[in-house]
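End of the sequence shown sits at 413 in the working numbering; the numbers just go up one at a time, nothing left out.
Idealized CB from N, CA, C, for every residue including glycine.
Given the structure is predicted, the values throughout are model-derived calculations rather than measurements.
Worksheet: the structure to be examined is printed underneath.
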Amino acid sequence: MRGSSAKSLDQTLAAVSAVAAESVAQVGAELFGAVEILDGAVAARRVLTDPSIDAAGKRKFVGGIFDGKVSQATAAVLDAAVGGRWAAGRDLTDGLEIAGVAAYTRAADAAGQGEVLENELFEAGRVIHDSAELRQIVSDKAVAAPAKAALLKNVFGGKVADATLALLTQAAVARTASFEKVLESFSRQVAAREDRLVAVARVAYELGDDERARLTAALTTRYGRAIQLNTVVDPNVIGGIAVSVGDEVVDATMSTRLEAARRRIAG
Numbered sequence: 147m148r149g150s151s152a153k154s155l156d157q158t159l160a161a162v163s164a165v166a167a168e169s170v171a172q173v174g175a176e177l178f179g180a181v182e183i184l185d186g187a188v189a190a191r192r193v194l195t196d197p198s199i200d201a202a203g204k205r206k207f208v209g210g211i212f213d214g215k216v217s218q219a220t221a222a223v224l225d226a227a228v229g230g231r232w233a234a235g236r237d238l239t240d241g242l243e244i245a246g247v248a249a250y251t252r253a254a255d256a257a258g259q260g261e262v263l264e265n266e267l268f269e270a271g272r273v274i275h276d277s278a279e280l281r282q283i284v285s286d287k288a289v290a291a292p293a294k295a296a297l298l299k300n301v302f303g304g305k306v307a308d309a310t311l312a313l314l315t316q317a318a319v320a321r322t323a324s325f326e327k328v329l330e331s332f333s334r335q336v337a338a339r340e341d342r343l344v345a346v347a348r349v350a351y352e353l354g355d356d357e358r359a360r361l362t363a364a365l366t367t368r369y370g371r372a373i374q375l376n377t378v379v380d381p382n383v384i385g386g387i388a389v390s391v392g393d394e395v396v397d398a399t400m401s402t403r404l405e406a407a408r409r410r411i412a413g
């Protein structure tokens, strides 16, 4: 987000940071619920992002929608959000979704499960990616969100933290992009809580602890940031390693080198 929307997002996230640790998980769930309601109410979003309406009027309006339906802590976050200036109605709901992720991230950190959340999001994403049936269902916009939620609960319920399941379920709504893209965005947001970057390494075999440590150290030196390293064992990798950090991909696999050599010879 840029301009006024970025400033309003910061204001909204600050309100999430002010929520008591024991309440943030509930706030996360209620913010995701608010996003669902406002996504289906175009007229309400227009009112809440209309620059000609003052903040007090917007707070009264949003109170009329959510009074008695959300906790006081969530109401305070909603007040902070509608008190800002958003460039577009979708920016408001996108910002509330980001705030919901932030709330669940704080809940995981408070429970000492911050790194667990990072790892589980990645591993669950791989499970879904590797299952054609699962991937098809969570990616199909024709499948209703409650049906996707029930499926994800059936597959991952009791196997991952509550925060992980909540973020997987929200990612499956795919409001802003595909499930995989949204989940990747959520994962980056979770990692960013400690100013960390997410790196995904494709390797021919599972790395040992020493190899992981060396690769993490090398990436930390290269990017000047702490690194959350996730690995994918890929049978197509003959040797070497391919690492992606954000939009940057460094492919040093033997298969890639052989393909490049073949093309040079053919050309």
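Beta-carbon proximity of residue i to residue j, cut-off 8 angstroms
i: Phe325; j: Val284; result: yes
i: Thr322; j: Asp237; result: no
i: Val170; j: Ser217; result: no
i: Leu365; j: Ala345; result: yes
i: Leu353; j: Leu313; result: no
i: Ala253; j: Ala309; result: yes
i: Leu242; j: Thr251; result: no
i: Val228; j: Val247; result: no
i: Ala245; j: Val273; result: no
i: Ile493; j: Arg348; result: Residue 493 lies beyond the range of the chain shown here (147 to 413); nothing can be said about it.
i: Ala249; j: Val165; result: yes
i: Val383; j: Ala350; result: yes
i: Lys294; j: Leu311; result: no
i: Val301; j: Ala317; result: no
i: Val391; j: Leu343; result: yes
i: Asp255; j: Arg339; result: yes
i: Leu184; j: Ala190; result: yes
i: Met147; j: Leu155; result: yes
When the options are compared against residue i, the one with the closest alpha-carbon
i: Asp341; options: Gly386, Asp286, Arg371; result: Arg371
i: Thr195; options: Val216, Arg231, Asp156; result: Arg231
i: Gly258; options: Lys299, Glu168, Asn382; result: Glu168
i: Glu269; options: Lys287, Phe207, Gly354, Ala307; result: Ala307
i: Ser150; options: Leu343, Ala233, Ser198, Asp255; result: Ala233
i: Val162; options: Arg360, Ala190, Asp225; result: Asp225
i: Ala290; options: Thr158, Thr315, Glu279; result: Thr315
i: Thr362; options: Val389, Asn265, Asp380, Ala320; result: Val389
i: Gly186; options: Gly235, Arg148, Val395; result: Gly235
i: Ala320; options: Gly303, Met147, Asp286; result: Asp286
Which of helix, strand or coil DSSP assigns to residue i
i: Ala407; result: Confidence is the limiting factor: at Ala407 the pLDDT is only 45, short of 50, which leaves the residue's position unreliable, though a coordinate-based value still follows. Note: Ala407 maps to helix in three-state DSSP.
i: Ala226; result: helix
i: Arg148; result: coil
i: Val216; result: coil
i: Val396; result: strand
i: Val289; result: coil
i: Arg231; result: coil
i: Ala347; result: strand
i: Gly221; result: The displayed chain sequence assigns Ala, not Gly, to residue 221. Ala221: helix per DSSP, three-state reduction.
i: Gly241; result: helix
i: Gly258; result: coil
- [ ] Let me know the beta strand (DSSP E) ranges lying completely inside the stretch 155 to 209, each 3 residues or longer, listed in chain order.
- [x] Listed in chain order, there is nothing to give.
Problem - Ordered list of alpha helix (DSSP H) runs contained in the stretch 292 to 344, each at least 4 residues - result: Annotation note: the stretch 292 to 344 contains the following uninterrupted alpha helix (DSSP H) runs of length 4 or greater, listed N- to C-terminal: 308 to 319, 325 to 337.
At least three beta-carbon pairs within less than 8 angstroms, the stretch 177 to 193 to the stretch 205 to 214: Touching, yes, given that three or more Cβ pairs across the two stretches are closer than 8 angstroms.
- Message: Report the start-end ranges of each alpha helix (DSSP H) in the stretch 352 to 392 that is 4 residues or longer and not cut off at the edges.
- Response: Runs of the alpha helix (DSSP H) inside the stretch 352 to 392: 355 to 369.
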